[in-house]
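Participant: When the count follows my numbering, it moves up by one through the sequence shown with no breaks and lands on 256 for the last residue. All C-beta atoms in this analysis are idealised placements derived from N, C-alpha and C, irrespective of residue type, glycine included. Note that this is a predicted model, so its numbers are computed, not measured. Pasting in a structure now, in structure tokens, and then I'll have a few things to ask.
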Amino acid sequence: MNAAGGYERPAIAGSGTIAVGLAAVASAAGPVTLLARSESSAGKAGQGIDKLASKLEGADPGKVKVTTDPADLAGCDLVVEAVVEEADVKGELIRTVGEHAEDADLATTTSSFSIGELGERSGHAQRLFGLHVFNPVPKMELVELCLPDGLRSGIAERAHAWCERIGKRAIEVPDQPGFVVNRLLFPFLFDAVRLMERADMTPAEVDDCMTLGAGHPMGPLRLLDFVGIDVAVAIGHQLRAEGGDESHSPPPSLERLVAEGRLGRKSGGGFYEYE
């Protein structure tokens, strides 16, 4: 580990959009390992990294080693968990990668769970910090960096240095449900859904009000489609359960969209239709 540059041998555990985006971005700073669950997901991740890297200055897909064997993490100095927003799944994966990368610092991209609780669940509390990146990773500059009490020496310095090295702005945030961005964002998104329904407006009308009137780059309903309606519902339930604020509860209409398989852009339809 190198405090001046952060990490020299990072790994990403996951093969979805966030994991692939982070691996592609990190390849501009040096070699990266990506751990996928299956050969199928490894193949898709490799294709995604190739596509993203071709659009990023300095990124090199040849520096990303895609594997399905956790033993390949043995020499890594950082492993970032980036899988589905389910505490049991995250906790077990962090436990596994921590056992294979015995000397590595560990991070999680969770957007709603307590870092301290995930650390306890995984058995690696002194090694685990929050590294909440945003989708699309290549374009979004912010990293919410959560550094709970009790971390082993040097993690804060290494984490800040690595974020800077991969072109991100790290801001330290408290270990509370949703950190800062999601804690503020999701009540707004959910209220936009409720307003649309009360006022009998279309998604486009609500979105146009916020893009044309408030200068938002994307309206709240289209943003829900982009985030993934299932992801938004899961985050809302977690924020409500941990914080007790009713404004974090997802509207029933979002639950119905999830039940219908209308998850937003990734499924081809949500509030809008996509090709």
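Would you decide whether I(-1) is buried or exposed? Buried here means 16 or more other CB atoms lie within 10 Å of its CB.
Facilitator: Buried is the label assigned to I(-1), since at least 16 other Cβ atoms lie within 10 Å of its Cβ.
Participant: For the alpha helix (DSSP H) containing K120, list its first residue and its last residue.
Facilitator: No alpha helix (DSSP H) contains K120, which DSSP labels as neither H nor E.
Participant: Is the CB-CB distance between L132 and V174 below 9 Å?
Facilitator: no
Participant: Tell me which same chain residues have a C-beta within less than 6 Å of the C-beta of A106, skipping the five on either side of it?
Facilitator: G100
Participant: Give a yes or no on whether the minimum CB-CB distance between V118 and chain C is below 9 Å.
Facilitator: No chain C is present in this structure, which holds just one protein chain.
Participant: Among V162, G27, C144, V124, which one has its Cα closest to the Cα of G43?
Facilitator: Checked all of V162, G27, C144, V124; the closest Cα to G43 is G27.
Participant: Would DSSP call L37 helix, strand or coil?
Facilitator: coil
Participant: With DSSP as the reference, label A63 as helix, strand or coil.
Facilitator: A63: coil per DSSP, three-state reduction.
Participant: Out of curiosity, what's the CA-to-CA distance linking G29 and L193?
Facilitator: 33 Å
Participant: What residues in its chain sit with their C-beta under 7 Å from that of E153, if we drop five residues either side in the sequence?
Facilitator: L126, L128.
Participant: Can you have a look at T258 and say buried or exposed, based on whether 16 or more other CB atoms are within 10 angstroms of its CB?
Facilitator: No information on residue 258 is available, as it lies outside the stretch -18 to 256 that the chain covers here.
Participant: Helix, strand or coil for L244 per DSSP?
Facilitator: DSSP places L244 outside both helix and strand once states are collapsed to three, so it counts as coil.
Participant: Per DSSP, P150 is paired with what?
Facilitator: Looking at the sequence provided, one finds Arg at residue 150 rather than Pro. According to DSSP, which records beta bridges pairwise, R150 is partnered with L123.
Participant: Rounded to the nearest angstrom, how far is the Cβ of I136 from that of D86, given a contact under 8 Å?
Facilitator: 5 Å
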